[in-house]
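In the working numbering, the protein residues as written are 2 to 391.
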Ligand SMILES: [Zn+2]
């Protein structure tokens, strides 16, 4: 379980005791070289032999007689946690916190590590208590507040998440308003789902006041207006997304089309699509415009439009729709190789993720406002075009 870096770290006290570590430094008369308890070496030997439990026993016993190796214990506990061996990390850190003669700096570090162990083990109430105590004392403030935010998020306690994030914003010295707006959106969706439309709208507007570019709030308001057949208001809400974040165009095309259709004004939607195409280089509005042309029995124009798009911007989705339209126009089924190509393209497109996290690379076909992998908010956007693997 030990790589060379960790072994070197654990051997530092041994090096110090041997004098090797102190070479080049003259010891003051009152200074004595550190001595290493023989059990320390025995503990390391157990670790090298991958007998972690016996190693922990030795280190825990050692701590009672030797206070010089606390930092090594802390490092070892962190190593266990990083490797997913949270029970072992907990044992080491709990033992450290229980030592009566620990220096305050080491005790606080051990409490912070213990809080992280509890968080990792899912014992959230204990983690929360420790993080709160540390934050109140101003110890590890930024990381303790981050830990609390993680706990509030996992408990969906959005009011507390907002309050703690505002404190975190002050400590970090930069804006976390886009994240706070997401918390308001979470609460808005909860209110909407329990049928409290007024509260949902109030919270979605609070999200927009917090962060003007909050796409999610506009989408929530747009869908609510649409459900109440307030189509002009819904069009206004969805159109706001174009100014907020152009990457979210694929999210609003379908509801915008439905709203315009309900107002019997697809002509305006067509004009809007041409505006969007000038700003957004992906395939979604191009395909939507071609579909509108087909609905208006302008199949030749649709084919010409998609041909021009695919020639200018080679793209699988555009090519797939062009192939489909050409087959529909001829009223004849696609011939052998073209049929295979069409089926293969459909399979490629269906299997590709439609959302991508710009931070960690997580991808999937379901929209998340918080990345399930790296846990960042606002990092996932709809992909502009399908890119076949390999
Ligand atoms: Zn991510």
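Here a beta-carbon is modelled for each residue, glycine too, at the ideal position from N, C-alpha and C.
First through last residue of the alpha helix (DSSP H) which encompasses residue i
| i | result |
| --- | --- |
| residue 232 | 232-245 |
| residue 158 | No alpha helix (DSSP H) contains residue 158, which DSSP labels as neither H nor E. |
| residue 387 | Per DSSP, residue 387 belongs to no alpha helix (DSSP H) and is neither H nor E. |
| residue 292 | 285-296 |
| residue 132 | 125-137 |
| residue 104 | No alpha helix (DSSP H) contains residue 104, which DSSP labels as neither H nor E. |
| residue 73 | 71-83 |
| residue 255 | 250-263 |
| residue 175 | No alpha helix (DSSP H) holds residue 175; DSSP gives it neither H nor E. |
| residue 270 | 267-280 |
| residue 337 | 337-352 |
| residue 198 | 198-211 |
Collapsed DSSP secondary structure at residue i in the structure displayed
| i | result |
| --- | --- |
| residue 357 | strand |
| residue 317 | helix |
| residue 223 | helix |
| residue 147 | helix |
| residue 372 | coil |
| residue 364 | strand |
Spatial neighbours of residue i in its chain, beta-carbon cut-off 7 Å, leaving aside the 5 residues before and after
| i | result |
| --- | --- |
| residue 110 | 75 |
| residue 118 | 82, 87, 90, 91 and 94 |
| residue 128 | 116, 119, 120, 148 and 152 |
| residue 177 | 166, 169 and 170 |
| residue 202 | 222 and 225 |
| residue 365 | 354 and 356 |
| residue 172 | 142, 143 and 146 |
Extent of the continuous beta strand (DSSP E) to which residue i belongs
| i | result |
| --- | --- |
| residue 383 | 381-383 |
Check: residue i C-beta below 7 Å from any heavy atom of ligand 1
| i | result |
| --- | --- |
| residue 360 | yes |
| residue 366 | no |
| residue 377 | yes |
| residue 186 | no |
| residue 372 | yes |
| residue 239 | no |
| residue 255 | no |
| residue 363 | yes |
| residue 176 | no |
| residue 380 | yes |
Residue burial classification, residue i (beta-carbon count within 10 angstroms, cutoff 16)
| i | result |
| --- | --- |
| residue 175 | exposed |
| residue 379 | buried |
| residue 105 | exposed |
| residue 394 | Residue 394 lies beyond the residue range present for the chain, which begins at 2 and ends at 391; the question has no answer from this structure. |
| residue 262 | exposed |
| residue 213 | exposed |
| residue 187 | buried |
| residue 198 | exposed |
| residue 285 | buried |
| residue 319 | buried |
| residue 345 | exposed |
8 Å Cβ shell around residue i - same chain, five flanking residues per side excluded
| i | result |
| --- | --- |
| residue 216 | 242, 245, 246, 249 and 252 |
| residue 326 | 291, 295, 300, 303, 304 and 307 |
| residue 79 | 90 and 114 |
| residue 350 | 317, 318, 321 and 387 |
heavy atom of ligand 3 below 7 Å from residue i C-beta
| i | result |
| --- | --- |
| residue 284 | Within the structure as shown, ligand 3 is missing, the only ligands being ligand 1. |
Neighbourhood of residue i by C-beta distance below 6 Å, restricted to the same chain and skipping five residues each side
| i | result |
| --- | --- |
| residue 324 | 343 |
| residue 222 | 205 and 238 |
| residue 374 | 361 and 363 |
| residue 219 | 238, 241 and 242 |
| residue 280 | 247 |
| residue 369 | 381 |
is_contact[residue i, chain B] using C-beta, thresh 8 Å
| i | result |
| --- | --- |
| residue 315 | Of the chains in the structure shown, none is chain B; there is only one protein chain. |
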